[in-house]
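Colleague: Can you read through this structure? Questions will come right after.
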Amino acid sequence: MIEVLRPSDLPRARATGRLVADILQTLKARSAVGTNLLELDRLTARLIDEAGAQSCYVDYAPSFGRGPFAHHVCTSVNDAVLHGRPHDYALAAGDLVSLDLAVSLDGIVADSAISFVVEGDGGGAGAGATDLDLIATTERALAAAVDVVRPGARVGDLSHAIGQVVKGAGYRVNTQFGGHGVGTTMHQDPHIANDGRPGRGYTLRPGLLLAIEPWVMADTDELVTDADGWTLRSATGCRTAHSEHTVAVTESGVEVLTLPSGAAPA
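Residue numbers (the numbering used here): 3 to 268.
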């Protein structure tokens, strides 16, 4: 299903996007040495509930997962890159963390992800150059895709923009999991692969909401699945990163919805 929202739905989409972005920034600020992933999940649940919103993950049970996800945020650490299921793990200095969150507020969904490195406590290990490059590459790829979003553009244009950045930085691309449409539900068509040919695929139109999500692994494009049936890791154990925004296709171009409160519009 591809859902196109009405102009009157855009204020609700903006509110959901801000909520998702603000929760992610709160979680990042709480992600210190010793913070348990289950603590982050409980905090996410509380913030969603206080906002009068609903989690898109708790009851999420797609064909590629094993039963309901049963948590409120994806917490992927180091070699985990997607669908990281929160578990009893305390963050350590230098951990590369990706947080992915999707929430429904007043019937509209927004989906976003951020990656960062846990700062050392008392001068401990911090971010390495490889980690920072991984994160920066996903952020540049995301920005490149957002730059080509406009009415009349094709999904392949977005995929091509992402792939050019990722491959240009020397990384391989996995096209199995990527971006997608959102709206009143979390995962909709069109699928936005992280590489592709320009001028191909679905033609964008005003009212379409897209979750664009480049992700990279340092030295592979192969994934393995944890015993939990959800967490996807690099097949080689290498580090990974993931960035995602929900954007709205507007009459004049594009609006990034998942910016924190107070951030300048993109």
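All residues carry an ideal CB built from backbone N, CA and C; glycine is no exception.
Rounded to a whole number of angstroms, what is the C-alpha to C-alpha distance between T139 and P200?
Modeller: Roughly 20 angstroms separates the two Cα atoms.
Colleague: Might you give, ordered along the chain, the residues of its own chain that have their beta carbon closer than 6 angstroms to the beta carbon of P146, omitting 5 neighbours on each side?
Modeller: Reading off the sequence shown, one finds Ala at residue 146, where the question assumed Pro. So the qualifying residues of the chain are A163, V167.
Colleague: Can we say the region 31–42 touches the region 52–68, given the rule of at least three CB pairs closer than 8 angstroms?
Modeller: The answer is no - the region 52–68 does not touch the region 31–42, with fewer than three Cβ pairs under 8 angstroms.
Colleague: Can the beta-carbon of G19 be found closer than 8 angstroms to that of L259?
Modeller: Contact flag set, yes.
Colleague: Does the separation of the CB atoms of R207 and V6 fall below 8 angstroms?
Modeller: Against a cut-off of 8 angstroms, the Cβ pair of V6 and R207 comes out as a contact.
Colleague: Classify Q178 as buried or exposed, calling it buried when 16 or more other Cβ atoms lie within 10 Å of its own Cβ.
Modeller: It counts as exposed.
Colleague: Just to confirm, are G181 and E215 a CB contact at a threshold of 8 angstroms?
Modeller: Yes, these two residues count as a Cβ contact at 8 angstroms.
Colleague: Quick one: give me the first and last residue of the beta strand (DSSP E) that T77 is part of.
Modeller: Run containing T77: 76–79, per the beta strand (DSSP E) assignment.
Colleague: Of all the beta strand (DSSP E) runs that stay within the bounds of the region 81–154, which reach a length of 3 or more residues?
Modeller: DSSP runs (the beta strand (DSSP E)) wholly in the region 81–154: 82–84, 98–107, 110–119.
Colleague: With DSSP as the reference, please indicate the residues paired to E246 in a beta bridge.
Modeller: Answer by DSSP bridge pairing, in chain order: A115.
Colleague: With hydrogens ignored, establish whether the beta-carbon of G209 is closer than 7 angstroms to any heavy atom of the ligand FAD.
Modeller: Here there are no bound small molecules, and the ligand FAD is not part of this structure.
Colleague: For G158, I'd like the list of residues in its chain whose CB is within less than 7 angstroms of its CB, leaving aside the five on either flank, ordered along the chain.
Modeller: G198, R199, P200, G201, R202, G203, listed in sequence order.
Colleague: Buried or exposed, going by whether 16 or more other CB atoms sit within 10 Å of the CB of I4?
Modeller: I4 comes out exposed.
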